[in-house]
Structure formats: structure tokens, C-alpha cells
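>
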Amino acid sequence: QERLSLNEFQVWVKYRNKFGNLNPMMRTEWAAALVASTLANINRKKDSPAFSVTDFAPHINEAPVSLDDAMKNWI
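Residue numbers (this note's numbering): 6 to 80.
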């Protein structure tokens, strides 16, 4: 039974942070959500807010919004 060295583990952590989860279903969900959000944004009214990928991907969590960003964008 082989184990990952600390160096190998750190390389995998960097890879996952850069490219995301290796689960093919999550990648498929993200790809479908990207297409859906693009189509929704093409067809939305000009005065309605833009859709994001996470609006169409229930298993992908959107990054939390900071208080400063929320105050700038929501008012």
C-alpha cells in the first residue's frame, strides 16, 4: 500500500485549487450551468440582473460576498 508524500499531497491541493474538483459529474454540472447562464443572459431584459453560473448549478456554491462588495453592488 503506497501513500502520498507530503510534497505530492501539496501538489494535488494546488492542482485542485487551480482547476477544481476532479469529479466528472461536478464538471458536467458546471459546464451545463455555464451554457444555461449564457443563454439566460443573452435573452434577459436589459433592466434585469445578470445570471451567474451558480444560479443553474445547485451543487456548486457561490463564493460569499463581502460586506463592502454587497454595499457597493446592492444599493
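Cβ atoms here follow ideal geometry from the backbone N, Cα and C, with glycine treated the same way.
Computed from a predicted structure; not experimentally measured.
Mapping DSSP to helix, strand and coil, what is residue 27?
Translated into the one-based positions of the sequence shown, residue 27 becomes position 22. It is coil, neither helix nor strand.
> Express the C-alpha separation of residue 63 and residue 39 in angstroms, rounding to a whole number.
Translated into the one-based positions of the sequence shown, residue 39 becomes position 34. Translated into the one-based positions of the sequence shown, residue 63 becomes position 58. Their backbone Cα atoms lie some 13 angstroms apart in a straight line.
> Check residue 34 in the structure and name its three-state DSSP category.
Numbered from 1 along the sequence shown, position 29 holds the residue referred to as residue 34. Looking at residue 34 - three-state DSSP - the assignment turns out to be helix.
> Touching or not, the segment 29-43 and the segment 52-69, by the rule of three or more beta carbon pairs under 8 angstroms?
yes
> Identify whether residue 39 lies in helix, strand or coil by the three-state DSSP scheme.
Sequence index remark: in the sequence shown, residue 39 carries index 34 (1-based). Looking at residue 39 - three-state DSSP - the assignment turns out to be helix.
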